[in-house]
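One structure below.
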Amino acid sequence: MFTSDPTQMVTNLIALQNIPTLPEPAFSPDLSLIEHVWDEMERRLRSLKNQLATLAQLRQALVQIWN
Numbered sequence: 021m022f023t024s025d026p027t028q029m030v031t032n033l034i035a036l037q038n039i040p041t042l043p044e045p046a047f048s049p050d051l052s053l054i055e056h057v058w059d060e061m062e063r064r065l066r067s068l069k070n071q072l073a074t075l076a077q078l079r080q081a082l083v084q085i086w087n
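Residue numbering for the sequence shown follows the numbering used here, beginning at 21 and increasing consecutively.
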């Protein structure tokens with residue numbers, strides 16, 4: 021069976037090769053690395069909240085946190 025959906029193609033290949041898989045939800049924030057990055061950035065930004073009076077200071081803080 022031909023399909024142009026890459027996800028389905030990989031799923032079919034895995035099944036054909038008898039590769040064991042673990043079921044996982046379609047979207048799980050616990051498994052998303054970027055969610056951990058956003059959480060850490062927010063935590064660090066909140067620790068500076070009394071020091072940020074302007075948009076420029078906020079931008080500078082975000083760049084420093086990111087780097």
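For glycine and all other residues, C-beta sits at the position ideal for the given N, C-alpha and C.
{"Asked": "Where Pro40 falls: helix, strand or coil (DSSP)", "Found": "coil"}
{"Asked": "Meets three-Cβ-pair contact criterion under 8 angstroms: the stretch 78–87 and the stretch 51–68", "Found": "yes"}
{"Asked": "Alpha-carbon spacing of Ile34 relative to Leu42, whole angstroms", "Found": "12 angstroms"}
{"Asked": "Spatial distance of Pro40 from Leu68 (CA atoms)", "Found": "47 angstroms"}
{"Asked": "Identity of the residue in Trp86, Ser24, Pro26 and Asp25 nearest Val57 by Cα", "Found": "Trp86"}
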